[in-house]
Amino acid sequence: MSSDSDGTAAIGFEEVGAGESGAGEVDEGEVGESDDRPRVVVIGGGIIGCMVARELADTHRVLVLERDGIAQGATARAAGEITMIPSYPDYPSIATHGLDFFRAYDGTGAFEFTEIPSVELVTPDREETVRARVERQRADDVDVAFLEADAARKQWPGIRMDDYVGVARYRGTGHVDPYTLATTVQSEATEAGVRFETGVTVTDIAVSDAGAGAETAGTVTGVETADQGTIECDHVVAAAGWRTRDLLADHLRLPMRPYRTQCIVLRPPEDLDETFPMGWIPGEHVYFRPEANGDLLVGGWSFAEDDPAGASRSADEAFRDHVADLVPRFVDAPGPMRLVDGWAGVDGATPDTRPIIDAPADAPDGLIVATGFHGRGIMTSPIAATLVRCLLEGSDPPFPRDPFLLDRFDDRTADFEFFSISAGN
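Each residue of the sequence shown is one higher than the last, beginning at 1 in UniProt numbering.
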């Protein structure tokens with residue numbers, strides 16, 4: 001449930017060992033070496049590319065190439081929700097690693113992490129299922145509880161509970177401004193020596209010793225660009241969002257497809273109460289959170305997109321109508337809300353909704369993939385950064401790699417059924 005908002009404009013609403021995978025260890029040479037050739041090229045200047053660059057900056061010579069502007073794609077249209085605990089209840093160390101980053105990074109530059117609980121609104125037909133899930137997760141030490149309707153009303157008076165029997169309450173969640181996060185991270189990376197170049201379109205990766213009859217997929221030697229020709233490097237991190245599948249098509253098959261998601265911002269007659277939580281409503285294809293200025297952000301309504309480059313960047317009338325009908329049923333406001341903003345963006349989806357962060361064995365040596373974040377790119381970016389560094393340096397991450405490995409998929413076709421995380425479960 002992530003996909004930006006600065007409170008004003010439309011920035012608001014995305015085991016094999018390292019040696020076996022082809023990443024290997026890296027000798028960066030002596031600091032001050034005259035050769036300023038990048039050792040690592042990161043393709044993509046969204047939150048994933050920026051976070052990876054920051055992570056690698058202290059020990060690697062890094063160049064980030066972005067076809068448009070920094071944080072102007074899916075990052076610029078993200079909702080900024082941090083829901084690691086409900087998103088990774090089966091991998092608590094992954095959830096903890098991500099949450100710990102945002103707590104520690106709060107206050108860096110202009111960046112803020114607003115930590116508030118999240119609630120899943122539960123209809124009568126889902127009560128038994130949700131109660132059972134809550135009990136399973138509590139047994140695994142997930143900070144979740146089922147609150148009946150009366151208790152939820154008392155804790156969050158701004159939530160209307162007439163249609164709901166209760167909520168599943170998660171702690172350890174919150175929200176950020178994605179654009180501020182990305183630019184703060186970029187600034188730190190730049191100060192540490194990372195070069196960012198915008199307006200550069202990467203058309204392919206350059207690979208040696210590959211082709212018909214080759215026993216391996218070859219070795220990365222650089223990237224091909226439409227603007228600067230070949231840029232040589234030793235390692236490539238492909239973090240180009242939904243474009244990654246087509247970019248790597250000649251070298252690696254990825255089970256990804258683009259999808260479009262939307263957000264709108266509503267202004268209530270009175271600012272939302274400071275206790276108002278984040279949340280989602282399974283079956284309604286929406287999630288919601290308060291804005292810093294008291295507005296309400298509602299996102300979701302996500303569907304597979306066949307024309308990602310030409311997809312509308314505006315919220316659909318059907319989504320606006322759906323939200324207009326739904327909001328009065330879960331927000332206790334003294335009158336109608338006013339639409340003040342709306343937008344849409346495109347992200348990359350995978351069959352199981354989790355990203356691919358891997359240096360696959362069948363990929364060219366030196367290639368690392370970080371893509372398919374399925375609307376959770378903002379919250380998962382610290383995980384991606386840590387894992388990319390471990391893959392590059394041949395070290396073990398402080399959490400399992402299994403949910404991010406490419407070989408978890410038996411079928412790598414893009415023709416899979418899209419599942420919207422905003423639809424709930």
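All C-beta atoms, glycine included, are put in the ideal place defined by N, C-alpha and C. Every value quoted in this text rests on a predicted model; they were computed, and no experiment measured them.
If you count every other CB in all the chains shown that lies within 10 Å of the CB of P308, and 16 or more means buried, which is it?
What you label residue 308 is simply residue 308 of the sequence shown in a count that begins at 1. Buried is the call here.
Would you call R260 buried or exposed, if buried means 16 or more other Cβ atoms sit within 10 Å of its Cβ?
Within the sequence shown, numbered from 1, the residue matching residue 260 stands at position 260. Flag for R260 reads buried.
A384 versus P334: straight-line alpha-carbon distance, rounded:
Mapped onto the sequence shown, residue 384 falls at position 384. Mapped onto the sequence shown, residue 334 falls at position 334. CA-CA distance, A384 to P334, rounds to 43 Å.
What did DSSP end up calling L263 once you bin it into helix, strand or coil?
Position 263 of the sequence shown, counted from the start, is the residue given in the question as residue 263. Checking the sequence, you will find Cys at residue 263 rather than Leu. Under the three-state reduction of DSSP, C263 is assigned to strand.
Could you have a look at F196 and say whether DSSP puts it in helix, strand or coil?
Start at 1 with the first residue of the sequence shown, and residue 196 comes out as number 196. The three-state reading of DSSP puts F196 in strand, counting E and B together.
Straight-line Cα distance separating D162 from residue 427
Not covered by the structure: residue 427. The range shown for the chain is 1 to 425.
Using alpha carbons as the reference points, say which of F102, C263, A324, A79 lies closest to Y179.
In the sequence shown, the residue the question calls residue 179 occupies position 179. With respect to the C-alpha of Y179, the residue from F102, C263, A324, A79 having the closest C-alpha is A79.
State the CB to CB distance for the pair E305 and V346, rounded to an integer number of angstroms; the pair is presumed to be in contact (CB under 8 Å).
Within the sequence shown, the letter at position 305 stands for residue 305. Within the sequence shown, the letter at position 346 stands for residue 346. Rounded to the nearest angstrom, the Cβ distance from E305 to V346 is 6 Å, consistent with a contact under 8 Å.
Can you list the alpha helix (DSSP H) stretches of 4 or more residues lying completely in the segment 73-121, in chain order?
Annotation note: the segment 73-121 contains the following uninterrupted alpha helix (DSSP H) runs of length 4 or greater, listed N- to C-terminal: 84-87, 92-105.
Just list the residues that DSSP pairs E224 with in beta bridges.
Start at 1 with the first residue of the sequence shown, and residue 224 comes out as number 224. Answer is D204, T230, bridged to E224.
Who are the near neighbours of G412 in its chain, counting only those whose CB is closer than 6 Å to its CB and skipping five residues on each side?
Here residue 412 is taken as the residue at index 412 of the sequence shown, counted from 1. The question names Gly, but residue 412 is Arg in the sequence shown. Excluding residues within five positions, the ones whose Cβ falls inside 6 Å are R253, P255.
Return the chain-ordered list of same chain residues with a C-beta closer than 7 Å to the C-beta of R169, the five sequence neighbours on each side being excluded.
The sequence position of residue 169 within the sequence shown is 169, counting from 1. The beta carbon of R169 lies closer than 7 Å to those of P117, V119, V144, A145, L147 in the same chain, with the five residues before and after it left out.
Extent of the continuous beta strand (DSSP E) run through Y170:
On the sequence shown, residue 170 is found 170 positions in, with the first residue counted as 1. Note, Y170: beta strand (DSSP E), 166-170.
Give the single residue among P258, V388, D332 whose Cα lies nearest to the Cα of A74.
Within the sequence shown, the letter at position 74 stands for residue 74. The shortest C-alpha separation from A74 is found at P258.
Beta bridge counterpart(s) of H60 as assigned by DSSP:
Along the sequence shown, read from residue 1 onward, the residue named residue 60 stands at position 60. BP columns for H60 are empty, so no partner.
For P351, the nearest candidate out of L392, D410, L296 (CA to CA):
For the purposes of this step, residue 351 is taken as residue 351 along the sequence shown, with counting starting at 1. Comparing Cα positions, the closest option is D410.
I356 versus M84: straight-line alpha-carbon distance, rounded
Indexing the sequence shown from 1 puts residue 356 at position 356. Indexing the sequence shown from 1 puts residue 84 at position 84. Between I356 and M84, the C-alpha separation is close to 17 Å.
My parser needs the alpha helix (DSSP H) runs of 4 or more residues fully inside the segment 323-408; what are they?
Runs of alpha helix (DSSP H) with 4 or more residues, each lying fully within the segment 323-408, are found at 377-393, listed in chain order.
Answer with buried or exposed for G107, where buried requires no fewer than 16 other C-beta atoms within 10 angstroms of its C-beta.
Position 107 of the sequence shown, counted from the first residue, corresponds to residue 107. With fewer than 16 other Cβ atoms within 10 Å, it is exposed.
Neighbourhood of R67 by C-beta, 6 Å cutoff - its chain only, sequence neighbours within 5 removed
For the purposes of this step, residue 67 is identified with residue 67 of the sequence shown, where counting begins at 1. The beta carbon of R67 is closer than 6 Å to those of T201 in its chain, skipping five residues each way along the sequence.
Is it the case that the Cβ atoms of D295 and V331 are separated by a distance below 8 Å?
Position 295 of the sequence shown holds residue 295. Position 331 of the sequence shown holds residue 331. At least 8 Å separates the beta-carbon of D295 from that of V331.
Short check: CB of A182 to CB of G46, under 8 Å?
Sequence index remark: in the sequence shown, residue 182 carries index 182 (1-based). Sequence index remark: in the sequence shown, residue 46 carries index 46 (1-based). A182 places its beta carbon less than 8 Å from that of G46.
Cutting at 7 Å between CB atoms, please list the residues of its own chain near E188, excluding the five before and the five after it.
Along the sequence shown, read from residue 1 onward, the residue named residue 188 stands at position 188. Once the five neighbours on either side are set aside, the close Cβ partners of E188 are R54.
Comparing alpha-carbon positions, which option in M379, I421, A349 lies nearest F113?
Counted from its first residue, the sequence shown places residue 113 at position 113. Here the closest residue by C-alpha is M379.
Cα separation between I48 and A239?
Here residue 48 is taken as the residue at index 48 of the sequence shown, counted from 1. Here residue 239 is taken as the residue at index 239 of the sequence shown, counted from 1. C-alpha separation (whole angstroms): 6 Å.
Using 10 angstroms around the beta-carbon of T225, count the other beta-carbons present and answer buried if the total reaches 16, otherwise exposed.
Position 225 of the sequence shown, counting from 1, holds the residue named residue 225. So T225 ends up on the buried side.
DSSP beta-bridge partners of W280
Sequence index remark: in the sequence shown, residue 280 carries index 280 (1-based). Beta-bridge pairing links W280 to E120, Y287.
Using DSSP bridges, identify the partner residues of L296.
Working through the sequence shown from its first residue, we reach residue 296 at position 296. Beta-bridge pairing links L296 to L266, P290.
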